[in-house]
Amino acid sequence: MLKKSLVVMAISTVLSGCGGSGGSNEEVVRASVNAGQDVTVIEKNEFTLKAAASPTGGTFNWQVTSGPSFDGFPQTGEELTVTAPDVKGNSLAVLKVDYLAPNGELVSDTLNVNITSNNQLPVAVVKQTAPEESSKYQDTIVLSASESSDPDENGQVVGYKWQLISGPSNISVEDTGKVTLSFVHPLLAETQTAVWRLTVTDDEGGSTTTDISVALAKNDEVVLAEAGEDQQVLEFDTVTLDATKSVTVDGQYTCNWQQSSTGSAITLANNTECKTTFQAPDKEQNTFATFKVTVTDSANRSGDDEVRIDILPKPLSNLNDSGSSTCYNNSTAISCGDSSFPRQDAELGRDSVAQVISKEGSGNLAFDFTKLDADGKELQDDAPTFSCVRDNITGLVWEVKDQTATSIRYAQNHYTWTFNTNVAGGIQAFINSVNGLAGGYCGGNTWRLPSYTELMSIVDFGRNSVHVLDPAFFPNMPDEAIQGHLYYWTNQTAVGGTDGLDANLTRAYVIDMITGNDVPRAKAQTAYVRLVRGNANAN
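In terms of full-length UniProt numbering, the sequence shown opens at residue 1 and continues consecutively.
Written out as structure tokens, the structure reads:
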């Protein structure tokens, strides 16, 4: 470093004698100071500062002009013993000495002090803090580095890094950069040791590592099948069986489902998929089914588990609304809510809140129908071909008529109201034929004549068309009207009456599907029939 001395010059006056040719000049003496050679020193070690100045007899004042601070500065004296400060990395300090000469002149000089950092590496310490005793499968093991330290007086540990050096491959850890490490004891077929390496780093970038061994015990069972929680569902619901939470040593496995309960066989969508489905069958009363899943790992070891599915009939306490969405005064349509014509059907009941009711299927206003195929399986709402319709409100399943003349369910067929199986063309003969179909029509063989209430439940009075049934779900209506009506039998016998006929129980109620009106009709006469299946206690 090029050192410069600052000289404060005194102005001398040269006096000339008067009256003579001779004279004399007096030389000015300038002050100077030298701070000495640059210094290289290790942090926290002592070194000496010694300055030289001329003329002697003045005073010295030392100060730090840049870099880390020194204890005791500024200081005075020609020679000083100084301790280098503790630094986080190699540093440069610039010290300046000011010298005030006896004659009042002030001069200065500087020197560099190169301070070398002497970082002491941190101390890595690991302890297992949980569990207190030996661990087993599913225990949470906790390793702590909280007792690690930095021996430097003003140092600290600022970083932690955990690394699995050896051990089971099925150990899962979310965060390896904290002071503690947590992991779950994995499923093991043999006892193993996990070796974890901890690296701690201090605030000067120094690091140290240490290893810890953790003993991991084998498990008695190495394939843990999990069939899922028991479920309670309604008939016709889609039920999911899920064994994907099963556990094996390497995480690889296959599944095989089998129905383990007796009773009606239930067909699964795929019994070799770990997650599969089935449609809850039509049931007249509460029942259940159990399924066993066998889980096999890559080493051909297996385990099994069972799940119970309680199947309940669909609740029939709910009733369909009328399908009416328009309010009227004495002669024309008006806005609903008119206080002069209050509490009209369109502003009450399920239809009035149809826009916020969730549906399983579709239908006008609050009606909720689902199309079914010949096996009773659900179809898309827009399926063009279907065999039955399930009313998701009442839970009843309705026959859909066939337009083929040779079919026993031909739409044009009509029957007398008789439950004598020997009477050709009677209702019972027709019911027996449908219930006798192989495999069950739409998955069931409990078809019957609907009650008055049940048949009225599918009438949509909001329709201004040819008939009061929604053709999207009840197609193939008869082409031929009976005396100008589309009468459909109910199972309700008419009692009483002013004409005396009902006293002999010779008439039963029919519903006209053109108008929606009910009429008592002689049982010996014919009418159309739409069969139903479901809980008969809905009346």
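We put the CB at the ideal spot given by N, CA and C, even for glycine.
>> Taking the alpha-carbon of D518 as reference, which of V532, L505, G534, Q492 has the nearest alpha-carbon?
In response: Q492
>> Once DSSP output is grouped into helix, strand and coil, what is the label at Q412?
In response: Three-state DSSP puts Q412 in coil, outside helix and strand.
> Going by the CB atoms, is the gap between T290 and V307 shorter than 8 Å?
Replying inline: Yes, Cβ-Cβ distance for V307 and T290 is below 8 Å.
>> Quick check: what's the CA-CA separation for D230 versus G439?
In response: 29 Å
> Under a three-way DSSP split, which group does Q252 fall into?
Replying inline: coil
> What is the DSSP secondary structure of S66, counted as helix, strand or coil?
Replying inline: strand
> By a C-beta neighbour count over all protein chains shown, 10 Å radius and 16 as the cutoff for buried, is G57 buried or exposed?
Replying inline: exposed
>> Please return the same chain residues whose Cβ sits closer than 7 Å to the Cβ of D86, not counting the five positions on each side in sequence.
In response: E43, K44, E153, N154
> Short check: CB of S246 to CB of E221, under 8 Å?
Replying inline: no
> Where does the unbroken alpha helix (DSSP H) through A429 begin, and where does it stop?
Replying inline: A429 -> alpha helix (DSSP H) spans 427 to 435.
> So what does V107 bridge to, in DSSP terms?
Replying inline: Y99
> Apart from the five residues on each side of it in sequence, which residues of its chain come closer than 6 Å, Cβ to Cβ, to S322?
Replying inline: D345, F461
> Taking the alpha carbon of N329 as the point to measure from, which residue in F341, W417, E105 has its own alpha carbon closest?
Replying inline: F341
> At what residues does the alpha helix (DSSP H) containing L188 begin and finish?
Replying inline: Run containing L188: none; DSSP gives neither H nor E here.
> Cα-Cα, which of F183, T506, S148 is closest to Q163?
Replying inline: F183
> In chain order, what residues of the same chain have a beta carbon less than 7 Å from the beta carbon of Q403, not counting five sequence neighbours either side?
Replying inline: A411, N476
> Mind checking whether I171 and V239 have CB atoms under 8 Å apart?
Replying inline: no
> On the premise that L49 lies in contact with residue 583, defined as a C-beta separation below 8 Å, what is that separation, rounded to the nearest angstrom?
Replying inline: With the chain running from 1 to 539 in the structure shown, residue 583 is simply not present.
> Which of the three DSSP states, helix, strand or coil, is assigned to A333?
Replying inline: strand
> Going by alpha carbons, who is nearest to G484 out of M513, Y509, N61?
Replying inline: M513
>> Here's the rule I'm using: 16 or more other beta-carbon atoms within 10 Å means buried, otherwise exposed. How should I165 be labelled?
In response: exposed
> Does the beta-carbon of Q252 have 16 or more other beta-carbons within 10 angstroms, so that it is buried, or is it exposed?
Replying inline: exposed
>> Short of 8 Å in beta carbon distance, which residues of its chain neighbour D38, apart from the five on each side in sequence? Order them along the chain.
In response: M1, L111, N112, V113, N114
> What number of angstroms, rounded off, separates the C-alpha of A527 from the C-alpha of D381?
Replying inline: Straight-line Cα distance between these residues: approximately 30 Å.
>> Assuming contact is defined by CB atoms lying nearer than 8 Å, are T248 and V214 in contact in what I supplied?
In response: Contact flag unset, no.
> Under 8 Å, do D98 and A35 count as touching if we go by C-beta distance?
Replying inline: no
> Between which two residues does the alpha helix (DSSP H) carrying E147 extend?
Replying inline: From DSSP, E147 is part of no alpha helix (DSSP H); its letter is neither H nor E.
>> For a quick check, are the C-beta atoms of K88 and Q63 less than 8 Å apart?
In response: Taking 8 Å as the Cβ cut-off, K88 and Q63 do not qualify as a contacting pair.
>> Measuring straight from C-alpha to C-alpha, what distance separates T267 and C388?
In response: 20 Å
>> Which of the three DSSP states is assigned to L143 in this structure?
In response: strand
>> Ignoring anything shorter than 3 residues, give me the beta strand (DSSP E) runs that lie fully in the segment 470 to 523, in order along the chain.
In response: Runs of the beta strand (DSSP E) inside the segment 470 to 523: 487 to 493, 507 to 512, 518 to 522.
> Does DSSP classify A527 as helix, strand or coil?
Replying inline: Reduced to three states, the DSSP call for A527 is strand.
> Within the chosen definition, does the segment 270 to 278 reach the segment 200 to 217 through at least 3 CB pairs nearer than 8 Å?
Replying inline: no
> Can you tell me whether DSSP reads L268 as helix, strand or coil?
Replying inline: In the three-state scheme derived from DSSP, where H, G and I count as helix and E and B as strand, L268 is classed as coil.
> Which residues mark the beginning and the end of the alpha helix (DSSP H) in which Y137 is found?
Replying inline: Neither: Y137 is in no alpha helix (DSSP H) and is coded neither H nor E.
> With 16 other CB atoms within 10 Å as the buried threshold, where does Q138 fall?
Replying inline: exposed
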